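Chemist: Going line by line, the protein sequences match chains A and B.
This note's numbering numbers the first residue of the first sequence as 1 and each following residue consecutively.
This note's numbering numbers the first residue of the second sequence as 753 and each following residue consecutively.
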Amino acid sequence: MKEMKSQTLQAQEGRNAGFGTALSRVDGAAKVTGQAKYAAEFTRPDLLFGVVYTARIAKGKIKRIDTSRALAMDGVVDVLTHENSPRVTHFDLKLKDMSAPTVGHPFRALDSDDILYPGQPIALVVAETLEIARAAARLVDVDYEWQDFETDLKRATPFVPKVPGVGERKPKSRGKAEAAFASSPVQITGDYHLMPEHHNPMELFASTVFCEDDGRLTIYDKTQGVKNSHCYICNAMGFKRAKVRVLSPFVGGAFGSALRPQYQLWLAALAAKKLERSVRVVMTRQEMFGHGYRPECYNRIQLGADDQGHLKAIINSAVTGTSSYENYTESIVSWGGMLYQCDNAKLDYQIARVDTATPCNMRAPGGATGTNMFEIAMDELAYASNVDPLELRLRNYAERHQLKDRDYTSKALRDCYQRGARKFGWEKRSPEPRSMREGHELIGWGMATGVWDAMMAPTSVRATLHADGSLEVGTATADIGPGTYTMMTQIASDATGIPVERITAKLGDSDLPFAPVEGGSATAASAGTAVQKACHALMKQVLEQANQLENSPLSGARMEDVDLVGGRIQLSENPAQGMSFSEVFTAAGLDSLEAKKFGRPRMTRKARNTHSAVFVEVRVDEEVGMARVTRVVNAVAAGRIINPKTARSQIIGGVVFGIGMALEEESLADHRIGRWMNHNLAEYHVPVNADVPDIDVIFVEEEDHEASPIGVKGVGEIGVCGTAAAIANALFHATGKRLRDLPITIDKLVTD
Amino acid sequence: MSTINTTINGKSEAIQDVDPSTPLLWVLRDHLGLVGTKYGCGIAQCGACTVHIDGSPVRSCSTPVSAAQGKSVTTIEGLAVNVGALTAVQQAWVEHDVPQCGYCQAGQIMSATALLKANPNPSDADIDAAMSGNFCRCGTYPRIRAAIHSAAKAQRGEKA
Ligand code: FES
Ligand code: FES
Numbered sequence: 001m002k003e004m005k006s007q008t009l010q011a012q013e014g015r016n017a018g019f020g021t022a023l024s025r026v027d028g029a030a031k032v033t034g035q036a037k038y039a040a041e042f043t044r045p046d047l048l049f050g051v052v053y054t055a056r057i058a059k060g061k062i063k064r065i066d067t068s069r070a071l072a073m074d075g076v077v078d079v080l081t082h083e084n085s086p087r088v089t090h091f092d093l094k095l096k097d098m099s100a101p102t103v104g105h106p107f108r109a110l111d112s113d114d115i116l117y118p119g120q121p122i123a124l125v126v127a128e129t130l131e132i133a134r135a136a137a138r139l140v141d142v143d144y145e146w147q148d149f150e151t152d153l154k155r156a157t158p159f160v161p162k163v164p165g166v167g168e169r170k171p172k173s174r175g176k177a178e179a180a181f182a183s184s185p186v187q188i189t190g191d192y193h194l195m196p197e198h199h200n201p202m203e204l205f206a207s208t209v210f211c212e213d214d215g216r217l218t219i220y221d222k223t224q225g226v227k228n229s230h231c232y233i234c235n236a237m238g239f240k241r242a243k244v245r246v247l248s249p250f251v252g253g254a255f256g257s258a259l260r261p262q263y264q265l266w267l268a269a270l271a272a273k274k275l276e277r278s279v280r281v282v283m284t285r286q287e288m289f290g291h292g293y294r295p296e297c298y299n300r301i302q303l304g305a306d307d308q309g310h311l312k313a314i315i316n317s318a319v320t321g322t323s324s325y326e327n328y329t330e331s332i333v334s335w336g337g338m339l340y341q342c343d344n345a346k347l348d349y350q351i352a353r354v355d356t357a358t359p360c361n362m363r364a365p366g367g368a369t370g371t372n373m374f375e376i377a378m379d380e381l382a383y384a385s386n387v388d389p390l391e392l393r394l395r396n397y398a399e400r401h402q403l404k405d406r407d408y409t410s411k412a413l414r415d416c417y418q419r420g421a422r423k424f425g426w427e428k429r430s431p432e433p434r435s436m437r438e439g440h441e442l443i444g445w446g447m448a449t450g451v452w453d454a455m456m457a458p459t460s461v462r463a464t465l466h467a468d469g470s471l472e473v474g475t476a477t478a479d480i481g482p483g484t485y486t487m488m489t490q491i492a493s494d495a496t497g498i499p500v501e502r503i504t505a506k507l508g509d510s511d512l513p514f515a516p517v518e519g520g521s522a523t524a525a526s527a528g529t530a531v532q533k534a535c536h537a538l539m540k541q542v543l544e545q546a547n548q549l550e551n552s553p554l555s556g557a558r559m560e561d562v563d564l565v566g567g568r569i570q571l572s573e574n575p576a577q578g579m580s581f582s583e584v585f586t587a588a589g590l591d592s593l594e595a596k597k598f599g600r601p602r603m604t605r606k607a608r609n610t611h612s613a614v615f616v617e618v619r620v621d622e623e624v625g626m627a628r629v630t631r632v633v634n635a636v637a638a639g640r641i642i643n644p645k646t647a648r649s650q651i652i653g654g655v656v657f658g659i660g661m662a663l664e665e666e667s668l669a670d671h672r673i674g675r676w677m678n679h680n681l682a683e684y685h686v687p688v689n690a691d692v693p694d695i696d697v698i699f700v701e702e703e704d705h706e707a708s709p710i711g712v713k714g715v716g717e718i719g720v721c722g723t724a725a726a727i728a729n730a731l732f733h734a735t736g737k738r739l740r741d742l743p744i745t746i747d748k749l750v751t752d
Numbered sequence: 753m754s755t756i757n758t759t760i761n762g763k764s765e766a767i768q769d770v771d772p773s774t775p776l777l778w779v780l781r782d783h784l785g786l787v788g789t790k791y792g793c794g795i796a797q798c799g800a801c802t803v804h805i806d807g808s809p810v811r812s813c814s815t816p817v818s819a820a821q822g823k824s825v826t827t828i829e830g831l832a833v834n835v836g837a838l839t840a841v842q843q844a845w846v847e848h849d850v851p852q853c854g855y856c857q858a859g860q861i862m863s864a865t866a867l868l869k870a871n872p873n874p875s876d877a878d879i880d881a882a883m884s885g886n887f888c889r890c891g892t893y894p895r896i897r898a899a900i901h902s903a904a905k906a907q908r909g910e911k912a
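(1) Check whether the Cβ of Cys360/A lies closer than 8 Å to any Cβ atom in chain B.
(2) For Val244/A, write down the residues that DSSP places opposite it in a beta bridge.
(3) Taking 7 Å as the cut-off, does the CB of Thr322/A come closer than this to any heavy atom belonging to ligand 2?
(4) Check whether chain B comes within 8 Å of Gly18/A, counting only Cβ atoms and requiring the distance to be less than that.
(5) What does the alpha-carbon distance come out to for the pair Phe210/A and Leu47/A?
(6) So is Thr358/A buried or exposed if we call it buried at 16+ other beta carbons inside 10 Å?
(7) Comparing C-alpha positions only, which one of Asn761/B, Val817/B and Thr789/B sits nearest to Met753/B?
(8) With hydrogens ignored, establish whether the beta-carbon of Gln842/B is closer than 7 Å to any heavy atom of ligand 2.
(9) What would DSSP say about Ser875/B, mapped onto helix, strand or coil?
(10) What does a CB cutoff of less than 6 Å around Ile376/A pick up in its chain, not counting 5 residues either side in sequence?
(11) Could you tell me the alpha carbon to alpha carbon distance between Asn299/A and Ile188/A, rounded to whole angstroms?
(12) Please report how far the alpha carbon of Arg69/A lies from the alpha carbon of Ala136/A, in whole angstroms.
(13) In the DSSP assignment, what residue or residues form a beta bridge with Val620/A?
(14) Does Gly474/A come out as helix, strand or coil in the three-state DSSP assignment?
(15) Quick one: Cα of Asp757/A to Cα of Tyr485/A, how far?
(16) For Ala454/A, list the residues DSSP reports as bridge partners.
(17) According to the Cβ coordinates, are Leu681/A and Cys793/B closer than 8 Å?
(18) How long is the line joining the alpha carbons of Ala662/A and Arg740/A, rounded to whole angstroms?
(19) Grab the span of the alpha helix (DSSP H) containing Pro389/A for me, first residue to last.
(20) Let me check understanding here. Comparing Cα to Cα, which of Asn634/A, Val76/A and Val565/A lies closest to Pro499/A?
(21) Name the DSSP beta bridge partners of Met579/A, please?
(22) Listed in chain order, which residues are found with a beta carbon closer than 6 Å to a heavy atom of ligand 2?
(23) Does the CB of Leu784/B have a neighbour CB from chain A at under 8 Å?
(24) I need the DSSP call for Asp752/A, collapsed to helix, strand or coil.
(25) Let's test the definition: count the other Cβ atoms within 10 Å of the Cβ of Gly14/A and tell me whether it reaches 16, buried, or not, exposed.
(26) Taking Ser323/A as the reference, which of Pro101/A, Ile659/A and Glu706/A has the closest Cα?
(27) Which residues of chain B have a Cβ atom closer than 7 Å to the Cβ of Ala36/A, listed in chain order?
(28) Going by beta-carbon coordinates alone, are Val715/A and Gly658/A separated by less than 8 Å?
(29) Following a CB-centred definition, is Tyr38/A positioned closer than 7 Å to any heavy atom of ligand 1?
(30) Assuming Leu758/A and Cys360/A make a contact with CB atoms under 8 Å, what is their CB distance in whole Å?
(31) Since Leu194/A contacts Cys297/A with CB under 8 Å, what's their CB separation in whole angstroms?
(32) Pop quiz: Cys856/B and Met202/A are said to be a contact at Cβ under 8 Å. What is the actual Cβ separation, rounded to whole angstroms?
(33) Please compile the residues from chain A whose C-beta is within a distance smaller than 7 Å of the C-beta of Ser884/B.
(34) Any heavy atom of ligand 1 closer than 7 Å to the beta-carbon of Ala796/B?
(35) Give me the subset of the stretch 22-34 of chain A whose CB atoms are less than 7 Å from a CB atom of chain B, sorted by chain position.
(36) Tell me the rounded alpha-carbon separation between Gln577/A and Asn551/A.
Here it is as structure tokens:
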């Protein structure tokens, strides 16, 4: 890994790796040579393998569970069920992980005979090999008592959640929307719908629990937050915190699905506790449909405007699904409610219980659903009022956050519109639907606005400088793919002048200083700020040490008098006068210096958001209804960009999620038996190479140190917001067909 | 149970006590500890498990280990001639910053390497056709295309 790292960096050596540098990721070589190891890939000779047995019914009780035939098989060590599993905590509060909904009873696997949802784990077969465990799992025999269930959101009963849960920004109405709508000369009403989506990260959920000789547990877990898994599993099972270490050096994608500890961690830990043996549990792709997902959503949007397209009224009410045992909520209606200048808005949000696992955050939870639906409605308004869709957004541009009635820390959305439109060539668009074609293909151009939060959460970083001049920065955050290792390295290099190849970033280890889960596009701002603070504090210590040396070339120098260049500290006025860090350490007789700092958000009453303008071209084969996205320009305003290379990758990744949402992704349930039907990668369609054109990403930089001390707003999720709408709007422009039901699959395009 | 004699990354291996129908993927990962090859679906859909048998790409999750009898298997760990070195494809992957989470990339690189062997100068359409069986949930596709073009140029001795 060490050699790999220096090799990646060779090509980049000598470059300034500060803010704004397009550094290739520091773990790139490890990831292209198969050296990066994920949670299921740590092993020991005495490891046992756990295979999950899931409920075959949607809801009910286990009347009888017979594991005798499985147990009789050679090599089977145990079969854990609710009848023989170790006791766990009685208190729900102890199971509220960092991302758990406020209201509800977190799921406990193998805790009772209740079956709450289809695909729920009800037994774990533990054996000497994976093959034996799999074979034995087929021999488990269960009698069920069926209970009435409902998996269809359309038939479930909506209610207003009393306590807002995760991510809820309370929808706040203003003015007199109904009256304003009634008197508006231009009105549109649309019923929008989004099918459930499953995250389907390429890596399967896995936990490997090693029982150490001294009674400690070392756990490799697929998680977006090692501290979250650590705290959760210790609380649940009564392990002493100091005796458990959770590691997650690489995560094969997660997109929100690993914000909450998933049941394989619970099962592996439960088995290790009972058997006092090391155990690994890996979910199958099918089993990964038995946990959180992006909930289905029904959303009615009514917009009233004057004949120039100025918004007079917004009426928006949405319902999303939650489970029978927790209140999972999202912000669906807030986005349209905040984005445009409009004095009258009525915003309602409800949830309804369906008998599935509790939904969970998926890339821009709520925002992806809410902005995309609202932006289709805005397109409808553009046609109804005969105003160009881009012009309509400009006419309704809001300088202040409409929901909170506050200023923004920054909002360069106007520039996003302008630069995106120019790059795309929007002015060449002919407004009429079905007016652009080439051969047998209809061409459509659509656009939409994207909006997401610029969040930041307290994070602690330790920076350690060694006598050889190498630097280590560490925090218990994750790198699920955005490039957190790289971002930390780069900010450390920026703050210390130490070249990137001399810096090691550490994360994914619960022994490191505190970091929250990696989510909400908040990690770059949060961990980045803390890295910078810790490095600055460390450099101050170095200077203090240097100040105190006899005949110091830096005696009396203050931080503002010196430059940090290539591992040296030197006077700005006379660069020849200075010392290398190693010289300071040798002269002062030090082995290392350390600084630990907490990064916190700045206090401000202003709203912090990222924005984007997305422009899309689609081509539709009229006869077969096949739609392709052929061009995307996404102009993003997200504060300062630390690394344009990795940030661009994040936006592209978000756009690809948007393509999936618009055209492909849907989890289909058979509501008669209450089970997902397409729970595999053959039938759950995700975008592949041929579905994704080259994507143009423009960063409109904002100078904004109120959003976060380092001016960063985050780019992990904004790419999804608006993209699906821009595609749906382009499809309308191409075909003249307004489709409000996502994903827009071929069948919907060909039927009249 | 039987013994499978095969060559893995240039080294002959006699794999003992294995059911000949065991998927090659599990032999690589669990018996030989070559975990660079990934498991994504188990049904030949996602391409994460792609390896080469005698130079041709196969989905090792759906290939019995018996198919490797007497043949030569190459995995991501054995692509470069020297440990620690990178092939032109791997080099292009790093330069274009293709990987994000990295999980699908072993499969992507094995497929891309096989494509370039069969077609040293692929068009975008050739790439889409050859690579669309390799899913990437992080959405690295545009960079995969760009990196394949760069690697193709490098392999032809042209400047990237
Ligand atoms: S794991 Fe073999 S193709 Fe998906
Ligand atoms: S890089 Fe994450 S799945 Fe491809």
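Glycine included, C-beta positions come from ideal geometry on N, C-alpha and C.
Remember, it's a predicted structure, so these values are computed and weren't measured experimentally.
Modeler: In short:
(1) no
(2) Leu217/A
(3) no
(4) no
(5) 8 Å
(6) buried
(7) Val817/B
(8) no
(9) coil
(10) Ala725 and Ala728
(11) 14 Å
(12) 8 Å
(13) Leu442/A and Ala627/A
(14) strand
(15) Outside the modelled stretch of chain A, which goes from 1 to 752, sits residue 757/A, for which no answer is possible.
(16) Beta-bridge pairing links Ala454/A to no other residue.
(17) yes
(18) 10 Å
(19) Pro389 to Arg395
(20) Val565/A
(21) Ile569/A
(22) Met202/A, Gly253/A, Gly481/A, Pro851/B, Gln852/B, Cys853/B, Gly854/B, Tyr855/B, Cys856/B, Gln857/B, Cys888/B, Arg889/B, Cys890/B and Thr892/B
(23) no
(24) coil
(25) Note on Gly14/A: pLDDT 41, under 50, position unreliable in the model; the coordinate value appears next. Answer is exposed; the Cβ neighbour count stays below 16.
(26) Pro101/A
(27) Gly854
(28) no
(29) no
(30) Given that chain A is displayed from residue 1 to residue 752, the structure contains no residue 758/A and the question cannot be resolved.
(31) 5 Å
(32) 5 Å
(33) Val688, Asn689 and Ala690
(34) yes
(35) Ser24, Arg25, Gly28, Ala29, Lys31, Val32, Thr33 and Gly34
(36) 12 Å
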